[in-house]
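For the sequence shown, the working numbering puts the final residue at 299, and the numbers step up evenly by one.
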Amino acid sequence: LAQAPSTPQQTQTVPTTTADFSPYKTIMGDDGREMVEIPEGPFKMGSTDGDYDEAPEHQVYLATFYIDKYEVTQAEYDRFVRATKRGKPFVPVFDDDISKILNPALAAMGMSWSDAVAYCQWAGKRLPTEAEWEKASKGEGSRKYPWGDTLTPKHANLEGEEDGYKYLAPPGKFEAGRSPYGLYDMAGNVAEWVHDTYDDKYYAKTPYRDPKGPEDGQNKVIRGGSWRESPHGARVAKRFQAKLWRTDATIGFRCAKGGS
């Protein structure tokens, strides 16, 4: 695959903007997208009071990694398509008006797991593992959603129009919904492909350090819920699955890379 043009990496410390945020470092990825450093250390993964495949809650230790601050947009994905000659995502028609979900500023959607993997490789990155995604979403503590335990329309683009969006939103519109590391849209907007193959019993046998999921399988994990989801589907521990070739207007992604 062709590679994204390299952009000099710049590291900066971003000051906290609310009491709930921790200071975090960012770099510019090779594709020019801002990435947030998630520091090395343990966190609690899973849930004791959620769905059966979220149990048991368990400790996981992750090495430092970086993850995109925002979901990939349609404009950014189109740049990859033009550079690699890869096929465009499948985009269904909504209410006979495709413009409602097709806009360069909106979150990219309609690509398969393999398409998302290919984009991340082109950008010099990879898909985050399921464990990396969850830590980036919730931090090291216990919380129901990326921002805390209470959900309002100001936090995320979920089902209904009370949040201001019937369908997709441009990434980064929900300031109140940022994760402890400052990431946007870790709940709602588009659900996100991650690296791992899905196994409903994996948490009972997962390694302590840097788990990457089962070796093989056609069902891949999706995280974060989408603009069609209920509050239950927006929880940080919620796990979804889909065949790796599935394309849907509710599924997008963001990329990650190993730390320095």
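For every residue, glycine included, the Cβ atom is placed at its ideal position computed from N, Cα and C.
In the DSSP output, what is residue i paired with across the bridge?
i    : result
T123 : Bridge partners of T123: none, in fact.
K259 : T236, A281
L101 : G80
D107 : M74
T112 : A146
A295 : I106, R165
R248 : Y100
E231 : R262, G291
Going along the chain, which residues of its own chain have a beta-carbon closer than 6 Å to the beta-carbon of residue i, five neighbours each way excluded?
i    : result
Q49  : Residue placement at Q49 is poorly supported in this model, since its pLDDT is 44, which falls under 50; the coordinates still yield a value, given next. Only M67 meet the Cβ criterion.
R262 : W172, E231, V233
S299 : Low per-residue confidence applies at S299: pLDDT is 48, beneath 50, and the placement is therefore not dependable, though the value from the model is reported in the following sentence. Counting only Cβ-Cβ distances below 6 Å, and skipping sequence neighbours, we find nothing.
D113 : First, the amino acid is wrong: residue 113 is Gln here, not Asp. Answer for Q113: P143, L145, A147, listed in chain order.
D79  : Here residue 79 is Glu; the residue named in the question, Asp, does not match the sequence. Correct list, in chain order: A102, T103.
S151 : W284, T286
For residue i, count the other beta carbons within 10 Å of its own beta carbon; 16 or more makes it buried, fewer makes it exposed. Which is it?
i    : result
T289 : buried
K259 : buried
R278 : buried
K108 : buried
T103 : exposed
H194 : buried
K296 : buried
K124 : exposed
S86  : buried
R118 : buried
S153 : exposed
Y246 : The residue asked about is misnamed: residue 246 is Pro in this sequence, not Tyr. With fewer than 16 Cβ atoms within 10 Å of its Cβ, P246 is classed as exposed.
G221 : buried
E115 : buried
Is the beta carbon of residue i sitting closer than 8 Å to the one on residue j?
i    : j    : result
D287 : G203 : no
E76  : Y100 : no
T168 : D255 : no
V275 : K177 : yes
F82  : K174 : yes
G227 : S269 : no
G291 : V229 : yes
L166 : A155 : yes
M84  : A208 : no
Is any beta-carbon of chain D found at less than 8 Å from that of residue i?
i    : result
T123 : Judged by its chain identifiers, the structure shown contains no chain D, having just a single protein chain.
Return the chain-ordered list of same chain residues with a C-beta closer than 7 Å to the C-beta of residue i, the five sequence neighbours on each side being excluded.
i    : result
L40  : Unreliable placement is indicated for L40, whose pLDDT of 49 sits below 50; the coordinate value is still reported in the next sentence. So the qualifying residues of the chain are T123, A157, Q160, W161.
P253 : T236, D238, Y241
A243 : P95
Which same chain residues, not among the five before or five after residue i, have their C-beta less than 8 Å away from its C-beta?
i    : result
Q280 : Y237, N258, K259, V260, I261
A215 : W186, T191, K193, H194
G89  : R274, A276, K277
_Entirely enclosed beta strand (DSSP E) segments - the segment 136-217, minimum 3 residues_ = Entirely contained in the segment 136-217, not one beta strand (DSSP E) run reaches 3 residues.
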